[in-house]
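To start, the structure itself, in C-alpha coordinates.
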Amino acid sequence: MPDDEDAEEQAAILSWARNYARKHHWILNPDERKLGVVIRGLARNKRKFGEQYCPCRLRSGDKEKDAAIICPCAYHEDELKKEGSCHCRLYFREDVPPG
780 MPDDEDAEEQ
790 AAILSWARNY
800 ARKHHWILNP
810 DERKLGVVIR
820 GLARNKRKFG
830 EQYCPCRLRS
840 GDKEKDAAII
850 CPCAYHEDEL
860 KKEGSCHCRL
870 YFREDVPPG
(Lines of atoms letter the chains of each structure in order from A and count residues from 1; the text may use other names and numbers.)
(Lines give C-alpha, C1' and ligand atoms only; values in the text may rest on other atoms or scores of the structure.)
Protein backbone atom coordinates (compact mmCIF):
# COMPACT_ATOMS: atom_id res chain seq x y z
CA MET A 1 0.00 0.00 0.00
CA PRO A 2 1.47 3.38 -0.95
CA ASP A 3 2.25 5.88 1.77
CA ASP A 4 0.65 9.33 1.66
CA GLU A 5 3.57 10.82 -0.25
CA ASP A 6 3.44 8.05 -2.88
CA ALA A 7 -0.32 8.42 -3.21
CA GLU A 8 0.04 12.18 -3.66
CA GLU A 9 2.76 11.75 -6.29
CA GLN A 10 0.68 9.19 -8.18
CA ALA A 11 -2.37 11.47 -8.05
CA ALA A 12 -0.29 14.40 -9.34
CA ILE A 13 1.12 12.33 -12.21
CA LEU A 14 -2.33 10.98 -13.09
CA SER A 15 -3.73 14.51 -13.14
CA TRP A 16 -0.83 15.69 -15.31
CA ALA A 17 -1.29 12.74 -17.70
CA ARG A 18 -5.04 13.42 -18.01
CA ASN A 19 -4.43 17.07 -18.81
CA TYR A 20 -1.69 16.21 -21.31
CA ALA A 21 -3.95 13.67 -23.03
CA ARG A 22 -6.87 16.10 -23.16
CA LYS A 23 -4.65 18.83 -24.65
CA HIS A 24 -3.63 16.47 -27.48
CA HIS A 25 -7.10 14.94 -28.00
CA TRP A 26 -6.00 11.55 -26.75
CA ILE A 27 -7.35 9.37 -23.98
CA LEU A 28 -5.64 7.52 -21.16
CA ASN A 29 -5.76 3.76 -21.05
CA PRO A 30 -9.32 2.94 -19.93
CA ASP A 31 -8.11 -0.25 -18.23
CA GLU A 32 -7.69 1.12 -14.70
CA ARG A 33 -5.34 -1.69 -13.68
CA LYS A 34 -2.96 -1.14 -16.61
CA LEU A 35 -3.19 2.62 -16.20
CA GLY A 36 -2.29 2.25 -12.52
CA VAL A 37 0.75 0.13 -13.34
CA VAL A 38 2.15 2.85 -15.62
CA ILE A 39 1.33 5.66 -13.18
CA ARG A 40 2.98 3.77 -10.30
CA GLY A 41 6.02 3.14 -12.51
CA LEU A 42 6.30 6.82 -13.39
CA ALA A 43 6.00 7.79 -9.71
CA ARG A 44 8.57 5.16 -8.69
CA ASN A 45 11.05 6.40 -11.30
CA LYS A 46 10.51 10.01 -10.28
CA ARG A 47 11.13 9.12 -6.63
CA LYS A 48 14.10 6.86 -7.37
CA PHE A 49 15.81 8.75 -10.21
CA GLY A 50 14.41 12.28 -10.00
CA GLU A 51 12.54 12.12 -13.33
CA GLN A 52 9.37 10.39 -14.45
CA TYR A 53 11.15 8.04 -16.81
CA CYS A 54 8.94 5.84 -18.94
CA PRO A 55 8.56 2.61 -16.96
CA CYS A 56 8.42 0.60 -20.20
CA ARG A 57 11.86 1.59 -21.41
CA LEU A 58 15.31 0.82 -20.03
CA ARG A 59 17.39 3.64 -18.61
CA SER A 60 21.02 3.69 -19.65
CA GLY A 61 22.16 5.71 -16.63
CA ASP A 62 23.35 8.51 -18.95
CA LYS A 63 21.15 11.52 -18.11
CA GLU A 64 21.60 13.01 -21.57
CA LYS A 65 20.53 9.82 -23.38
CA ASP A 66 17.81 9.07 -20.85
CA ALA A 67 16.21 12.50 -21.36
CA ALA A 68 14.49 10.97 -24.41
CA ILE A 69 12.54 8.58 -22.18
CA ILE A 70 11.17 11.10 -19.69
CA CYS A 71 7.41 10.92 -19.98
CA PRO A 72 6.14 12.06 -22.37
CA CYS A 73 9.01 10.38 -24.16
CA ALA A 74 10.50 11.51 -27.46
CA TYR A 75 8.79 8.61 -29.24
CA HIS A 76 5.18 8.89 -28.07
CA GLU A 77 3.80 11.10 -30.84
CA ASP A 78 5.12 8.88 -33.65
CA GLU A 79 3.88 5.77 -31.84
CA LEU A 80 0.43 7.28 -31.42
CA LYS A 81 0.28 8.23 -35.11
CA LYS A 82 1.48 4.84 -36.35
CA GLU A 83 0.13 2.41 -33.75
CA GLY A 84 -2.70 4.25 -32.04
CA SER A 85 -1.03 4.20 -28.62
CA CYS A 86 2.32 4.91 -27.05
CA HIS A 87 4.63 2.05 -26.12
CA CYS A 88 3.51 2.05 -22.48
CA ARG A 89 -0.12 2.15 -23.55
CA LEU A 90 -0.63 5.18 -21.32
CA TYR A 91 -1.98 7.32 -24.17
CA PHE A 92 -4.32 6.26 -26.95
CA ARG A 93 -5.69 8.14 -29.92
CA GLU A 94 -9.41 8.77 -29.44
CA ASP A 95 -10.18 7.11 -32.78
CA VAL A 96 -8.35 3.86 -31.92
CA PRO A 97 -10.10 1.63 -29.38
CA PRO A 98 -7.66 0.14 -26.85
CA GLY A 99 -7.19 -3.56 -27.09
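Remember, the numbering used here sits 779 above the position in the sequence shown when you count from 1. A virtual CB, placed ideally from N, CA and C, is assigned to each residue, including glycine. Quantities reported herein were computed from a predicted structural model and do not represent experimental measurements.
Cα-Cα separation between residue i and residue j, rounded to whole angstroms
i, j, result
"Trp805", "Ala846", "23 Å"
"Asp857", "Gly829", "26 Å"
"Val816", "Lys827", "16 Å"
"Leu793", "Ile818", "6 Å"
"Lys813", "His866", "13 Å"
"Ser864", "Asp841", "27 Å"
"Gln789", "Ser839", "24 Å"
"Asp810", "Leu869", "10 Å"
"Arg801", "Glu862", "19 Å"
"Glu843", "Val875", "33 Å"
Reduced DSSP secondary structure (H/G/I, E/B, other) of residue i
i, result
"Cys867", "coil"
"Arg797", "helix"
"Cys807", "Correcting the residue type first, residue 807 is Leu in the shown sequence and not Cys. It is a strand residue."
"Arg838", "coil"
Residue i versus the options, residue with shortest Cα-Cα distance
i, options, result
"Ile849", "Lys861, Pro834, Glu862 and Ala790", "Pro834"
"Ala772", "Glu873, Arg872 and Tyr832", "Given that the chain is displayed from residue 780 to residue 878, the structure contains no residue 772 and the question cannot be resolved."
"Phe871", "Arg838, Ser839, Arg836 and Arg797", "Arg797"
"Lys860", "Leu837, His803 and Arg836", "His803"
"Glu873", "Trp795, Leu807 and Tyr799", "Leu807"
Beta-bridge pairing of residue i - partner residues as DSSP gives them
i, result
"Arg872", "Trp805"
"Ile818", "Answer is none; Ile818 lacks a bridge partner."
Interface flag, residue i vs chain D, CB-CB below 9 Å
i, result
"His855", "Any reference to chain D falls outside this structure, which holds one protein chain only."
Checklist entry - Is there contact here, the segment 817-826 with the segment 780-789, by at least three beta-carbon pairs under 8 Å? => result yes
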